[in-house]
Amino acid sequence: MPFDAIKPSNLFQCKKCGECCKGYGGTYVTTDNIKEIAAYIQIAPAEFEKKYCRISGNRPLLRQSENGFCIFWNDLCTIHPVKPKMCRDWPFIKSVLADIKNWEIMAGSCPGIRTDFPDHIIKAVIEKKLS
Ligand code: SF4
Ligand code: SF4
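Numbering of the sequence shown is given in my numbering, commencing with residue 72 and proceeding in unit increments.
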């Protein structure tokens with residue numbers, strides 16, 4: 072395949088293993104995320120924050136269940152259509168552009184990420200995706 076034809080789906084295919092939905096500092100949610108998810112599960116945003124979020128560094132993040140997984144993980148993401156931007160963007164994130172080594176590190180815990188492409192191709196695909 073010519074390099075300029077490589078798409079995000081060539082570099083990453085989620086295997087639905089749930090590894091990224093476990094611990095690791097949590098998933099931050101914006102006010103818009105909260106409104107959207109609260110509407111999806113049909114509760115008021117204030118109630119959503121109280122029940123499903125905790126505050127870390129003045130910012131709300133999704134709570135975890137006792138098993139360490141995100142509270143919305145149940146063998147799959149139960150809020151998939153409205154999941155937070157952080158979850159939607161993965162693994163095409165700015166920190167990989169800042170340091171390409173992060174791609175390899177992320178691949179260590181995400182079996183959906185392929186590492187057999189040259190760094191400049193990975194960067195180009197991410198740049199295009201984020202533009
Ligand atoms: S770790 Fe990777 S493959 Fe597993 S659920 Fe998360 S994004 Fe998908
Ligand atoms: S919102 Fe969904 S995708 Fe994001 S961490 Fe929770 S279960 Fe995983």
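No residue lacks a Cβ here, since even glycine has one placed at the ideal position from N, Cα and C.
Check                                                                      : Outcome
Beta-bridge partners of R130, as assigned by DSSP                          : S127
Residue interval of the alpha helix (DSSP H) (run including K186)          : Note on residue identity: the sequence assigns Thr, not Lys, to residue 186. Premise fails: T186 is in no alpha helix (DSSP H) and is neither H nor E.
DSSP three-state assignment for C141, whether helix, strand or coil        : strand
Beta-carbon spacing of L201, F163 below 8 Å                                : yes
Identity of the residue in V196, V167 and C148 nearest K86 by Cα           : C148
C-beta contact flag for Y123 and R130 at 8 Å                               : no
As assigned by DSSP and simplified to three states, the class of C88       : coil
CB contact flag (V100, P155, <8 Å)                                         : yes
S180 Cβ short of 7 Å to ligand 1 heavy atom set                            : yes
E107: CB within 7 Å of a non-hydrogen atom of ligand 1                     : no
Identity of the residue in D146, A109, N104 and Y111 nearest R159 by Cα    : N104
Rounded straight-line distance, which links the Cα of D190 to that of L132 : 32 Å
Euclidean distance between Cα positions of I77 and K194                    : 11 Å
Proximity to M157 [Cα-Cα], best of G179, E90, G97 and V196                 : G97
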